[in-house]
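To start, the structure itself, in structure tokens.
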Amino acid sequence: MKTVVSIGGSVLVPDLDAGRVAEYADVVESLAAAGHDLGVVVGGGPTAREYIGAARSLGANEGELDQLGIDTTRLNARLLLAALDEDLASPTVPTNYEEAAESLHRDRVVVMGGVVPAQTTDAVSAALAEYVDADQLVFATSVPGVFDADPNEDPDAERYEEMTAGELVELVARGESLGSAGSNAPIDLLAAKVIERSGIEAIVLDGTDPGSVGRAVLDDDFEGTRITPDHD
Numbered sequence: 045m046k047t048v049v050s051i052g053g054s055v056l057v058p059d060l061d062a063g064r065v066a067e068y069a070d071v072v073e074s075l076a077a078a079g080h081d082l083g084v085v086v087g088g089g090p091t092a093r094e095y096i097g098a099a100r101s102l103g104a105n106e107g108e109l110d111q112l113g114i115d116t117t118r119l120n121a122r123l124l125l126a127a128l129d130e131d132l133a134s135p136t137v138p139t140n141y142e143e144a145a146e147s148l149h150r151d152r153v154v155v156m157g158g159v160v161p162a163q164t165t166d167a168v169s170a171a172l173a174e175y176v177d178a179d180q181l182v183f184a185t186s187v188p189g190v191f192d193a194d195p196n197e198d199p200d201a202e203r204y205e206e207m208t209a210g211e212l213v214e215l216v217a218r219g220e221s222l223g224s225a226g227s228n229a230p231i232d233l234l235a236a237k238v239i240e241r242s243g244i245e246a247i248v249l250d251g252t253d254p255g256s257v258g259r260a261v262l263d264d265d266f267e268g269t270r271i272t273p274d275h276d
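All residue numbers for the sequence shown refer to the working numbering, where the first residue is 45 and numbers rise by one.
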């Protein structure tokens, strides 16, 4: 099975804890050992936000801030790469989808970060999954799935156990129109639209425990939201 895993920077490196990165590396290696062709996309997390905040205060424009964010995601990707068996993973961080696909075709685990400005690693993960015809896409985030309201604001918010990609697009678009993007769906609109058009099944789960990713992929055992293709 070909699987793409999106690991949010806030769950991989909420702080620079080598032990936590090593835990995620163990999960990646276990999935590869089980026969999964694996692409991993790493977000920027708190480190990216700190750099972007500092650069903004120094007068950097939005394009420069985007590039700074991309650089940070690639730095986090290199950190995870350092923890992986060098015989297992591609030794470099791809900067585009073609490079990533070439490495996957050589049966190497691929670890990458951002690609272009104005595109989150959510979208990169979805685009990579589509580009390599992945069987499954897993989003390891800091929240346990997709909710009908912001669970941080509404104690009665309920999690969707399952929803179609079209329903996800509608939910995210509605949130963005209200100026609260990402509050209840930890996937941005571009990523949701790519998932919808690609027809790839996706899972959104709480990646605070690295082992949850392994259980989801290997045993289909997870607490989160399953996103299924729309039926014609």
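We treat Cβ as the ideally placed atom computed from N, Cα and C, and that holds for glycine.
One alpha carbon belongs to Arg64, the other to Gly83, and they sit about 19 angstroms apart.
Residue range 106–127 is occupied by the alpha helix (DSSP H) that includes Arg118, with no beta strand (DSSP E) assigned at that position. Just so you know, the alpha carbons of Asn120 and Gly189 end up roughly 23 angstroms apart. Under DSSP, Leu82 forms a beta bridge with Thr47. For Ala193, the closest of Gly219, Glu174, Ile96, Gly210 by C-alpha to C-alpha distance is Gly219. Under the three-state reduction of DSSP, Glu130 is assigned to coil, being neither helix nor strand.
The criterion of a C-beta distance shorter than 8 angstroms is not satisfied by Val182 and Gly157. Three or more pairs of CB atoms, one per stretch, sit closer than 8 angstroms, so the stretch 66–79 contacts the stretch 251–260. Rounded to the nearest whole angstrom, the CA to CA distance from Asn196 to Tyr175 is 34 angstroms. Asp250 sits in a strand when the DSSP states are folded into three classes. The three-state secondary structure of Gly89, taken from DSSP, is helix. Boundaries of the alpha helix (DSSP H) harbouring Ile239: 233–242, taken from the DSSP string. Under DSSP, Arg203 forms a beta bridge with Phe191. In the same chain as Met207, and ignoring 5 residues on each side of it, the C-beta atoms closer than 7 angstroms to its own belong to Val190, Thr269, Ile271, in chain order.
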